[in-house]
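Right, one structure below, let's go through it.
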Amino acid sequence: MNFSEIGLGPEVLRAVEDAGYTQPTPIQEQAIPWVLQGRDVLGCAQTGTGKTASFTLPMIEILANGRARARMPRSLILEPTRELAAQVAENFETYGKHHKLNMALLIGGESFGDQIKKLDRGVDVLIATPGRMIDLFERGNILLSDIKIFVIDEADRMLDMGFIPDIERIVALLPKMRQTLFFSATMPPEIKRLADNFLMNPREVSVSPPASMAETVTHAMTIVQPDDKRSALRHLLKTEDVKNALIFCNRKRDVAILHKSLEKHGFNAGALHGDMPQSKRTETLEAFKKGEITLLVCSDVAARGIDIAGLSHVFNFDTPLHAEDYVHRIGRTGRAGKLGRAFTIANPEEGKQIAAISKLIKREIPLISIDGIDLAEFEELSDRRRRRPARKDEARRDEPRKEEARREEPRREEEPRAAVARAPKPVEARPPRPEREARPDREQRVDVMRSEPPRRDRDDRRRRREEDDDDEVVIGFGDHVPAFLLRRARPLAAPEA
DNA sequence: AAAAAAT
19 MNFSEIGLGP
29 EVLRAVEDAG
39 YTQPTPIQEQ
49 AIPWVLQGRD
59 VLGCAQTGTG
69 KTASFTLPMI
79 EILANGRARA
89 RMPRSLILEP
99 TRELAAQVAE
109 NFETYGKHHK
119 LNMALLIGGE
129 SFGDQIKKLD
139 RGVDVLIATP
149 GRMIDLFERG
159 NILLSDIKIF
169 VIDEADRMLD
179 MGFIPDIERI
189 VALLPKMRQT
199 LFFSATMPPE
209 IKRLADNFLM
219 NPREVSVSPP
229 ASMAETVTHA
239 MTIVQPDDKR
249 SALRHLLKTE
259 DVKNALIFCN
269 RKRDVAILHK
279 SLEKHGFNAG
289 ALHGDMPQSK
299 RTETLEAFKK
309 GEITLLVCSD
319 VAARGIDIAG
329 LSHVFNFDTP
339 LHAEDYVHRI
349 GRTGRAGKLG
359 RAFTIANPEE
369 GKQIAAISKL
379 IKREIPLISI
389 DGIDLAEFEE
399 LSDRRRRRPA
409 RKDEARRDEP
419 RKEEARREEP
429 RREEEPRAAV
439 ARAPKPVEAR
449 PPRPEREARP
459 DREQRVDVMR
469 SEPPRRDRDD
479 RRRRREEDDD
489 DEVVIGFGDH
499 VPAFLLRRAR
509 PLAAPEA
């Protein structure tokens, strides 16, 4: 199919052509006609599949007629991160260049003045992150009663980030008569329920489920002691043909540390995480996209949606804490049919996380060793856990003051680690698993391989954390947590009827 | 256990 047959007007087509595209991607081919017809759409797709243009192009077409009044935007797009919001804004600039649509980008970290000025002039397209959008609404700078098209992008990410109450609140302020487009990379039950609430008789559009990602991406992982991680990474950077790469850390602090270390070793690296000033974030991302920086050390702020053309490598300097995040991080490469390579540098404690990832992507990640660095083994998890309760009881009998002092001591981890390293069944050593076949030793393996389904409920997560943390000294309520503390917070506004 | 987003 060609773009010219999809139902878009000549101006939009000209802009698409100028950008160098002739053929719509599958998601565009499926979604655009429905959006043009005014239907609600439920889209299951990751960015890089052309998802953004699948709503920006028809939106430009629909909004071409009519004009926005002051403070009354005609469409609203919500994005989970500032970078994604900026990316969508760029998309409207590119494809809306032959139209005179007013657009405002409402994100945190930038001054209110310009954003308010734009709203006063009247905007056709409002692109926002939830926090700033609600802030401006409460200040009376936005009226949402004229919204014709509402887009929720990256809904699963919004859920992860705890934005859903905000989203429900915003939806309650929108007119009931509107068109809603809802996109999510994954469709867990909680997201589906949300979609059912927001959408009316939607057309469902779905492309490239996460599992197929592995077709274009070569995975590998290595296991090293934490102290060896940086040299392992440097070795990979030197031996791989790295054009440009994202390097993910789990903590912002480690992003900064690794960035410094790489620069010290002469690599052309930048850093990106959410505690950096917005101006710096924008600047660094631009420099990386232009190729002025070849390595970008980042937190999960960049894990989803960020679109960098032709990214050759993704490195997980830390194993992602949630298996889905692996899929999202890796999804930055191997896009648009291009090949990509992904390396994970795990440490011996992360066997459980790796097992959860293997289960999710339905394949083992090949284990590689790196010259000059000792290949470690995963610790036996169940073994360690069995030993823990005893220590907990001991700890309880100690005086609280002693506990305080013990905590401030530098942690001496050598002993327990050496003990577990000798444990009998290293996870990594198990034979490759034949696909979907019940095996007699399955039960046994489940113990190690167990990974709970992704549970997003924050309270649940806290509860689990407390269960796992047997070593932790119990203060305050002790094991008993009153039920009211575990109850979910209610959304501020009742969801739409 | 961490990151993101409002100041």
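Counting in our numbering, the final residue of the first sequence is number 515, and the numbers go up one at a time with none missing.
We treat Cβ as the ideally placed atom computed from N, Cα and C, and that holds for glycine.
Just so we're clear, the structure is a prediction, and the values are computed from it rather than from any experiment.
- Here D318 is near D343, since their CB atoms are less than 9 Å apart.
- In the three-state reduction of the DSSP assignment, F168 falls in the strand class, which pools E and B.
- Ranked by how close their Cα comes to the Cα of I383, the residues I363, S22 and V34 have I363 in first place.
- For the pair of segments examined, the stretch 186-201 was found not to touch the stretch 109-127: the number of CB pairs separated by less than 8 Å stays below three.
- Within the DSSP secondary-structure output, S317 pairs in no beta bridge.
- G61: member of the beta strand (DSSP E) spanning V59 to C62, first to last residue.
- Apart from the 5 residues on each side of it in sequence, Q41 sits with its Cβ closer than 8 Å to the Cβ of M19, N20 and F21 in its chain, given in chain order.
- With a threshold of 16 other beta carbon atoms within 10 Å, A213 meets it and is buried.
- No residue range can be given for V141, since it is assigned to no beta strand (DSSP E) and is classified by DSSP as neither H nor E.
- By the Cβ rule, the stretch 37-51 does not count as touching the stretch 118-129, because fewer than three pairs are nearer than 8 Å.
- The C-alpha of R85 lies about 23 Å from the C-alpha of I188.
- Nearest Cα to G25 within the set D58, K69, E79 and G61: E79.
- Linking G180 to R150 through their CA atoms gives a straight-line distance of about 15 Å.
- Nearest C-alpha to I386 among T236, L290 and V223: T236.
- Counting the other Cβ atoms within 10 Å of the Cβ of Q55 gives fewer than 16, which makes it exposed.
- Distances from the CA of V169 to each of N120, T70 and F130 were compared; the closest alpha carbon is that of T70.
- Each residue's CA atom was taken as its position, placing A373 and F200 some 31 Å apart.
- Closest in alpha carbon position to I182, among Q197, I209, R157 and I165, is I209.
- Residue pairing by DSSP places F361 opposite A238 and F333 in a beta bridge.
- Ranked by how close their Cα comes to the Cα of N286, the residues E304, C62 and E310 have E310 in first place.
- If the five residues before and after D336 are omitted, its C-beta is found closer than 6 Å to the C-beta atoms of C267 and N268, all from its own chain and listed in chain order.
- In the DSSP annotation of this structure, the continuous segment of the beta strand (DSSP E) that includes I95 starts and ends at S93 to L96.
- Separation of P148 and M239 (C-alpha to C-alpha, rounded to the nearest whole angstrom) is 36 Å.
- Comparing C-alpha distances from I324 to each of E304, I45, Q371 and A360 shows the shortest one belongs to E304.
- Minimum Cα-Cα distance from T198 among the listed residues F333, L96, K278 and Q133 corresponds to L96.
- Its chain contains A321 and R322 as the residues whose beta carbon lies nearer than 6 Å to that of H346, once the 5 sequence neighbours on both sides are disregarded; these appear in chain order.
- In the structure shown, F110 adopts helical secondary structure according to DSSP, grouped into three states.
- Excluding residues up to 5 positions away in sequence, A63, T67, G68, K69, S72 and V225 lie with their Cβ nearer than 6 Å to the Cβ of I45 in the same chain.
- In the structure shown, L54 falls within a helical segment according to DSSP collapsed to helix, strand and coil.
- In the displayed model, G288 falls within a strand according to three-state DSSP.
- Excluding sequence positions up to five before and after I50, its CB lies within less than 8 Å of the CB of I24, G25, L26, P42, S72, L75 and P76, all in the same chain and listed in chain order.
- I265 sits close to V332, with the two beta carbons spaced by under 9 Å.
- About 26 Å separates the beta carbons of G358 and F396, which is beyond the 8 Å limit, so they are not a contact pair.
- DSSP places R157 outside any beta strand (DSSP E), giving it a letter other than H or E.
- Here D36 is not near R92, since their CB atoms are 9 Å or more apart.
- With respect to the 9 Å criterion, L137 and R89 are classified as neighbours on the basis of their beta carbons.
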